[in-house]
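Residue numbers (this note's numbering): 1 to 383.
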């Protein structure tokens, strides 16, 4: 940290992700001995991704799944700067921002999530809606709902991405758009839903979960185009590498994401997807004064898929290690789980669940369980 008596830039958090909101509350609870903490955030409310499918399905209001960073910063004594980061001067220990003077730091933590990488799908930037960042997606979702509900509206809905996020999205859209149509006096059966995926659905999950998810899609008549790679998205169709053409009025992309492009110019070691390469203590492999967590970080010694559960579990370790670095005490290693609880919402007040090799399960009670877990997590950040 800075010399005694000098101005202390302290700890700077870039991004209001799942890990950083935990750092804010834990730093406050730990009586951080006067260490200044600054949060730099592009958005003033941060969505909890675990509750996004419920919002899309109409089971939550928008305010119920967001953390108000202004209120949280005030409650935790964190300085808040509303700006987007676009670079780091590591020699001077400064973060460069858009439309704001640089911010000095002693310790820097980055939790900025991921951005859509549509480069391999021609026309996707013009004719598709990327699910991340979530804020932009939610705005465009309202437009899609309005268009789909009116007479002659957009009724052929395609989701690209067969991971858990893509499956939850198309199941939620199925419930919400059909309900919207019925409320507007339109035929809810006039929709055609399709999911485009790779070799198989949710390939990282158990066979039991995959079977239950496949059944949920089939009972709703959602077409699954497996072993497909999308190469182009046009105004009225999706084109795969095999030459298949899938009719589409609206295309949503829930795959192919990368860390923000500005990280490439920082000189930090990066993973192939542009994420910051970190060790067990969540420190950059290049610069021990810089830490990273969430989707924008890659655990090189313990590679894992991008999932919110890891950001949530990293938060407490990240907070402990920032405090330890500030005080010169030993750091703690983060050991990501090999097996973790998976709960996939099906958009109708039910959910499918499982953990590792355990038998999969499903029902309304699973949704109620997931809802309790998510609401309990969010209550921590609602002062």
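No residue lacks a Cβ here, since even glycine has one placed at the ideal position from N, Cα and C.
Report the rounded CA-to-CA distance for residue 270 versus residue 332, giving the unit in angstroms. By one-based count along the chain shown, residue 270 stands at place 270. By one-based count along the chain shown, residue 332 stands at place 332. Approximately 22 Å, taken between the alpha carbons.
Of the residues 229, 276, 365, which one's Cα is nearest the Cα of residue 242? On the chain shown, residue 242 is found 242 positions in, with the first residue counted as 1. Ranking the options by Cα distance to residue 242, first place goes to 229.
Express the C-alpha separation of residue 58 and residue 141 in angstroms, rounding to a whole number. Locating residue 141 in the chain shown gives position 141, counting from the first residue. Locating residue 58 in the chain shown gives position 58, counting from the first residue. Near 12 Å, if we compare the C-alpha coordinates of residue 58 and residue 141.
Anyone know if the C-beta pair for residue 103 and residue 158 falls short of 9 Å? Taking the chain shown and counting its residues from 1, one reaches residue 103 at position 103. Taking the chain shown and counting its residues from 1, one reaches residue 158 at position 158. In this structure, residue 103 lies away from residue 158, with their beta-carbon atoms at least 9 Å apart.
Using 8 Å for Cβ pairs, my map puts residue 169 next to residue 254. What's the rounded Cβ distance? By 1-based counting over the chain shown, the position of residue 169 is 169. By 1-based counting over the chain shown, the position of residue 254 is 254. Beta-carbon to beta-carbon, residue 169 and residue 254 are separated by about 5 Å, close enough to satisfy the 8 Å threshold.
Give the DSSP-derived three-state secondary structure of residue 89 in the structure shown. Looking up residue 89 in the chain shown gives position 89. Looking at residue 89 - three-state DSSP - the assignment turns out to be strand.
Over what stretch of residues does the beta strand (DSSP E) that includes residue 362 continue unbroken? Looking up residue 362 in the chain shown gives position 362. Unbroken beta strand (DSSP E) run through residue 362: 361-363.
Is the separation between the beta-carbon of residue 128 and that of residue 14 shorter than 9 Å? For the purposes of this step, residue 128 is taken as the residue at position 128 of the chain shown. For the purposes of this step, residue 14 is taken as the residue at position 14 of the chain shown. Between residue 128 and residue 14, the C-beta spacing is not below 9 Å.
Per-residue burial, residue 283 [other beta carbons within 10 Å of its own, 16 or more giving buried]: Taking the chain shown and counting its residues from 1, the one referred to as residue 283 is at position 283. Buried.
Under the rule that 16 or more other beta-carbon atoms within 10 Å means buried, what is residue 180, buried or exposed? Position 180 of the chain shown, counted from the start, is the residue given in the question as residue 180. Residue 180 counts as buried, since no fewer than 16 other beta carbons sit within 10 angstroms of its beta carbon.
Below 8 Å on the Cβ atoms is my guess for residue 343 versus residue 366; work out the distance and round it to an integer in Å. As a first step, residue 343 must be located in the chain shown, where it is residue number 343. As a first step, residue 366 must be located in the chain shown, where it is residue number 366. So it is a contact: roughly 6 Å between Cβ atoms.
For residue 54, which three-state DSSP category applies? Residue numbering aside, residue 54 sits at position 54 when the chain shown is read from its first letter. Helix at residue 54.
Helix, strand or coil, according to DSSP, for residue 79 in the structure here? Numbered from 1 along the chain shown, position 79 holds the residue referred to as residue 79. Three-state DSSP puts residue 79 in a strand.
Any 3 or more C-beta pairs closer than 8 Å across the segment 205-225 and the segment 114-133: No, they do not touch.
Less than 9 Å separating the beta-carbons of residue 252 and residue 160? If you number the chain shown from 1, residue 252 lands on position 252. If you number the chain shown from 1, residue 160 lands on position 160. Yes.
Euclidean distance between Cα positions of residue 354 and residue 12: Locating residue 354 in the chain shown gives position 354, counting from the first residue. Locating residue 12 in the chain shown gives position 12, counting from the first residue. Looking at the two C-alpha atoms, the distance is approximately 37 Å.
At the 9 Å Cβ level, is residue 230 part of the contact set with chain D, yes or no? The question asks about chain D, but that chain is absent: this structure has only one protein chain.
Same chain only: Cβ atoms within 6 Å of residue 370, ignoring 5 sequence neighbours per side: Translated into positions along the chain shown, residue 370 becomes position 370. The answer, listed in chain order, is 343, 351.
Just confirm the distance between the C-beta atoms of residue 293 and residue 263, as a whole number of angstroms; I'd bet it's less than 8 Å. Along the chain shown, read from residue 1 onward, the residue named residue 293 stands at position 293. Along the chain shown, read from residue 1 onward, the residue named residue 263 stands at position 263. Contact between residue 293 and residue 263 does not hold, since the beta-carbon distance rounds to 14 Å and is not under 8 Å.
Taking three-plus beta-carbon pairs below 8 Å as touching, is the segment 29-48 in contact with the segment 70-80? A contact between stretches requires three or more CB pairs, one per stretch, nearer than 8 Å, and the segment 29-48 meets this requirement with the segment 70-80.
Beta-bridge partners of residue 100, as assigned by DSSP: Residue 100 sits at position 100 when you count from the first residue of the chain shown. Residue 100 is bridged to 97.
I'd like to check one pair, residue 67 with residue 299: are the Cβ atoms closer than 9 Å? Taking the first residue of the chain shown as 1, we reach residue 299 at position 299. Taking the first residue of the chain shown as 1, we reach residue 67 at position 67. Against a cut-off of 9 Å, the Cβ pair of residue 67 and residue 299 comes out as no contact.
Which one or two residues does DSSP pair with residue 234 in a beta bridge? Against the chain shown, residue 234 aligns to sequence position 234. Per DSSP, 237.
In chain order, what are the residue ranges of uninterrupted beta strand (DSSP E) at least 3 long that sit wholly in the segment 268-312? The segment 268-312 contains these whole beta strand (DSSP E) runs: 276-278, 290-292, 297-299.
How far does the beta strand (DSSP E) with residue 45 in it reach, from first residue to last? Residue 45 sits at position 45 when you count from the first residue of the chain shown. Its beta strand (DSSP E) spans residues 45-47.
Exposed or buried, which one is residue 187 when buried takes at least 16 other CB atoms within 10 Å? Sequence index remark: in the chain shown, residue 187 carries index 187 (1-based). In this structure residue 187 is exposed. Its beta-carbon is surrounded by fewer than 16 other beta-carbon atoms within 10 angstroms.
DSSP-derived helix/strand/coil call for residue 330: If you number the chain shown from 1, residue 330 lands on position 330. It is coil, neither helix nor strand.
From the DSSP output, in three-state form, read off residue 136 for me. Counting from one through the chain shown, the residue named residue 136 turns up at place 136. The DSSP-derived three-state label of residue 136 is helix.
Assign residue 327 to one of two classes, buried (16 or more other C-beta atoms within 10 Å of its C-beta) or exposed (fewer than that). In the chain shown, the residue the question calls residue 327 occupies position 327. Under this definition residue 327 is an exposed residue.
Cβ distance (whole Å) where residue 39 is taken to contact residue 80 below 8 Å: Against the chain shown, residue 39 aligns to sequence position 39. Against the chain shown, residue 80 aligns to sequence position 80. With a beta-carbon spacing of about 5 Å, residue 39 and residue 80 fall inside the 8 Å limit used to define contacts.
Residue ranges of each alpha helix (DSSP H) run of no fewer than 4 residues wholly in the segment 142-218, ordered along the chain? Taking only runs of at least 4 residues, the alpha helix (DSSP H) segments lying wholly in the segment 142-218 are 164-183.
Rounding to the nearest angstrom, what Cα-Cα distance links residue 240 and residue 191 in this structure? Your numbering for residue 240 matches position 240 in the chain shown. Your numbering for residue 191 matches position 191 in the chain shown. In this structure, the straight-line span from the alpha carbon of residue 240 to that of residue 191 is close to 22 Å.
Which residues mark the beginning and the end of the alpha helix (DSSP H) in which residue 25 is found? For the purposes of this step, residue 25 is taken as the residue at position 25 of the chain shown. Going by DSSP, residue 25 is part of the alpha helix (DSSP H) stretching over 18-29.
Exposed or buried, residue 70, counting other C-beta atoms within 10 Å across all chains shown (16 or more means buried)? Stepping through the chain shown from its first residue, residue 70 is reached at position 70. That one is exposed.
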